[in-house]
Amino acid sequence: MTMDTSKPGFASVAFTNGYEFTQGSGYALPEYPFTVPPELTAAEPSATTALRRYPVVVIGAGITGLTLAAALAQYGVQTVLLDEDNTVGVKGASSRGICYAQKTLEIFKRLGIYERIAAKGIQWSVGRTFAGDDEVYAFDLRQQQTHSLSLEPPFINIQQFYIEGYLVERIMALNTDAGPQADGQPLVDLRWSNRVTALSQDGEAAAIDVDTPAGAYRLQAAHVVDCTGSRSPVREWVGATATRRRGDDRWCIADVRFKDTPPVERHTWIQAPFNEGRAVWQHLMGDGVWRIDYQMPPDADPAEISREDVVRARLNAQFRRELSQEDCQIVWVGPYAYRSECLNAFRHGRVFFAGDAAHVFSPFGARGGNSGVQDADNLAWKLAAVLHGRAAEALLQSYHEERHEAGLHNMLTTNRTTRFLRPADGPERLFRDATLGLARQHAFARQLVNTGRMSTPNIYTQSNACDETGGHATQNVRLAWADGSQGELLDLLRWAGGRLLLLAFGPLSEVAAQALPALAMDADVRCVQVMASGERAQAAEHIRDVQGHVRSTCRLHAPESDLAWALLRPDGYLVATGTALDARLIHALERGLGTRDTTRAMVRGQTRIDR
Ligand SMILES: Cc1cc2nc3c(=O)[nH]c(=O)nc-3n(C[C@H](O)[C@H](O)[C@H](O)COP(=O)(O)OP(=O)(O)OC[C@H]3O[C@@H](n4cnc5c(N)ncnc54)[C@H](O)[C@@H]3O)c2cc1C
2 MTMDTSKPGF
12 ASVAFTNGYE
22 FTQGSGYALP
32 EYPFTVPPEL
42 TAAEPSATTA
52 LRRYPVVVIG
62 AGITGLTLAA
72 ALAQYGVQTV
82 LLDEDNTVGV
92 KGASSRGICY
102 AQKTLEIFKR
112 LGIYERIAAK
122 GIQWSVGRTF
132 AGDDEVYAFD
142 LRQQQTHSLS
152 LEPPFINIQQ
162 FYIEGYLVER
172 IMALNTDAGP
182 QADGQPLVDL
192 RWSNRVTALS
202 QDGEAAAIDV
212 DTPAGAYRLQ
222 AAHVVDCTGS
232 RSPVREWVGA
242 TATRRRGDDR
252 WCIADVRFKD
262 TPPVERHTWI
272 QAPFNEGRAV
282 WQHLMGDGVW
292 RIDYQMPPDA
302 DPAEISREDV
312 VRARLNAQFR
322 RELSQEDCQI
332 VWVGPYAYRS
342 ECLNAFRHGR
352 VFFAGDAAHV
362 FSPFGARGGN
372 SGVQDADNLA
382 WKLAAVLHGR
392 AAEALLQSYH
402 EERHEAGLHN
412 MLTTNRTTRF
422 LRPADGPERL
432 FRDATLGLAR
442 QHAFARQLVN
452 TGRMSTPNIY
462 TQSNACDETG
472 GHATQNVRLA
482 WADGSQGELL
492 DLLRWAGGRL
502 LLLAFGPLSE
512 VAAQALPALA
522 MDADVRCVQV
532 MASGERAQAA
542 EHIRDVQGHV
552 RSTCRLHAPE
562 SDLAWALLRP
572 DGYLVATGTA
582 LDARLIHALE
592 RGLGTRDTTR
602 AMVRGQTRID
612 R
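FYI, the numbering for the sequence shown is 2 to 612, going by the working numbering.
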């Protein structure tokens, strides 16, 4: 049933993007209908119906919440997704994110929306940095080792709301495929115009109060994920604390379309002569729209700097001529400011924090949305494994261990960039200006020019779910199936269906070849033999690694003639690697499942593994 969302009683939706200010107009966003939730359709809901309890409730359908819900749906977990708004993006405000990194693109490929992103977005790998009129630094990400093996490009630029829209449609498709669940609800019950107003939790469940245009209701959840962005009300409800840094840096975005397009490269000016010596960013995104982002004085008035004539004057100064309406069409203008913070704990009992609700970074390096997507991907398989009874509750704690470490690292990295772009007077400014001076002439100083260290997958060193050989992300590399046709590592992860994936490389002894199927049954892990060219298949499930990329991305450096293994998680991270099918592998399985006792008992009882 759909209803008129203008019914009094549901206060109008505030902008919740959480940045100190963002405003603007010009993008038409889709609007989704409000549907009366089942809690409000029962004849006498509060008197006769026990509170409905769901395995997972996600609050906030931004890029993080939508990614999480889509990933949970792929793992077959029923989810309620609540959002106070009725659209993607932030209504009337900034398009915000534009730059999506390789790891995020790999996640989107696994979720089934990558092709749409690639078709709409712009691929780029070349970045150039200028100080004044001089180019001081250039890079081509395709030539950098960290990006070289994946089938996905280093980055795609696309407006954030497109990704969110694709995720909404993907969730609808997954719902259709899955059909109604046992309680008659869809796999992902995406409830627009449902604002969460309170949350409490005890040993039994979390209770969530929700306000809607049709009235208020309450539901319960075994697990709650807060994806409400950086103004999260949930933080206060659970008493979460954060480490913060607030700056006075101000920026103003002009999203524009040119008649004659500049080169498809990211250009950054640290001291732009056409912007009173302040920084400027310029890159292309979907629909032929260029994002030009101008650093403003700290006391800039948002209304003044975003006036059309003022924006046009800035553009004219940059392109050194009077740009007519036809030369340059302004699509959208958005002044913004940011802050930087990271919660001290990403888990409070049944409540997990993800995306901007867990951490807020300055936009330099494109780490905000990208890390929200990676938070969601990290948590989804763990929740699914626990809810499906494949892993122990203990595994969930590794979400905090891993993503909090990532959050702190991202905060540190983006704060360094912020200080480079807006140094404090004194030693910071001296260092920045000296670096720029040296970079004009010396290669070594170019490494110190910091206009944003672009988002790469974080390494987990603090996690109980990985050992010291694991904690690294693999890339989506090419492989060959047994029949010689081409495949990719993501296909294998999808095939593993939310289970751990054991890749055994090199010739296997007879005992080891027999141990793999037994291990698969006992420990609920998928096992695959990975053969180099010329090796013979000894296990039922096998692939060929003709170019050696699977071996490389698994960080196995032993000669091809030697046995080696890599244990991968559904998010593509390595739990551990090893060189013999021995007790270390068993320990790795225990770590990856958070089930030390169970796994050990299962394997001790039934499977003997050796070389
Ligand atoms: C100018 C700018 C440029 C950026 N560029 C990039 C970039 O290139 N790449 C990148 O990765 N990141 C970028 N970012 C950061 C990125 O936009 C954010 O990190 C990202 O939007 C966070 O997503 P989220 O889903 O966690 O939160 P949000 O996008 O803030 O979503 C939160 C959702 O929760 C809902 N909500 C809030 N409160 C409630 C409630 N009480 N009940 C129910 N629902 C609620 C809201 O309606 C909203 O839909 C940029 C940010 C800015 C400002």
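Positions of the beta carbon are idealized from the N, C-alpha and C atoms, including for glycine.
Counting the other CB atoms within 10 Å of its CB gives L413 a total below 16, which places it among the exposed residues.
For P56, the uninterrupted beta strand (DSSP E) segment begins and ends at R54 to I60. In this model, R500 and A386 are separated by some 8 Å (Cα to Cα). Judged by beta-carbon spacing, T65 lies within the 8 Å limit of A355, meaning their Cβ atoms are closer than that value. In the three-state reduction of the DSSP assignment, I157 falls in the strand class, which pools E and B. Inter-residue distance for M173 and R391 is about 27 Å (C-alpha atoms, whole angstroms).
DSSP places V526 outside both helix and strand once states are collapsed to three, so it counts as coil. Listed in chain order, the non-local C-beta contacts of W291 below 6 Å within the same chain comprise V257 and L285, local neighbours out to five positions each way being set aside. For S341, there is no enclosing alpha helix (DSSP H); the residue is found in the beta strand (DSSP E) stretching over C329 to L344. In this structure, E85 has its beta carbon less than 7 Å from a heavy atom of ligand 1. Of the heavy atoms belonging to ligand 1, at least one sits nearer than 7 Å to the Cβ of D357.
V257 carries a strand assignment under DSSP once its states are collapsed to helix, strand and coil.
Three or more Cβ pairs closer than 8 Å define a contact, and the region 344 to 352 falls short of that threshold against the region 184 to 198. DSSP lists no bridge partner for M412.
Within the same chain, T88, V89 and G166 come within 7 Å of P31 by CB-CB distance, once the 5 residues on both sides are set aside.
DSSP places I164 within a helical segment (H, G or I) once states are collapsed to three. With a cut-off of 8 Å on Cβ pairs, the region 215 to 233 is in contact with the region 354 to 372, counting three or more such pairs. Sequence-distant Cβ neighbours of T470 in its own chain, meaning closer than 8 Å and more than five residues away, are R556, L575, A577, T578 and G579. Nearest to V59 by alpha-carbon distance, out of E85, F35, Q448 and E205, is E85.
By the beta-carbon neighbour count (other beta carbons within 10 angstroms, threshold 16), E591 is buried. DSSP, read as helix, strand or coil, puts R279 in strand.
In the structure shown, the three-state DSSP call for R192 is strand. In this chain, T68 is not harboured by any beta strand (DSSP E); it is covered by the alpha helix (DSSP H) spanning I64 to Q75. Looking from the CA of A255, the closest CA among T554, A446 and C329 belongs to C329. Pairing I331 with L324, the inter-Cα distance amounts to about 11 Å. Here N459 is near A407, since their CB atoms are less than 8 Å apart. Put simply, the backbone Cα of D572 is about 8 Å away from that of I108. With contacts defined as CB atoms closer than 8 Å, V312 and V334 qualify as a contacting pair. By the criterion of at least three beta-carbon pairs nearer than 8 Å, the region 115 to 126 is in contact with the region 151 to 167.
Excluding its 5 nearest sequence neighbours in each direction, T596 has C-beta neighbours in its own chain below 7 Å: A392 and A393, listed in chain order.
The C-beta distance from L480 to L491 rounds to 10 Å, too long to fall under 8 Å, and the pair is not in contact.
Assigned with DSSP and collapsed to three states, S201 falls in strand.
Residue environment: R430 is assigned as exposed (fewer than 16 neighbouring CB atoms within 10 Å of its CB, all protein chains considered). Annotation: Y461 is outside any alpha helix (DSSP H) and is labelled neither H nor E by DSSP. Positions of the alpha helix (DSSP H) runs, each at least 4 residues long and wholly inside the region 465 to 518, are given as 490 to 497 in order along the chain.
The continuous stretches of alpha helix (DSSP H) do not include D134, and DSSP gives it neither H nor E.
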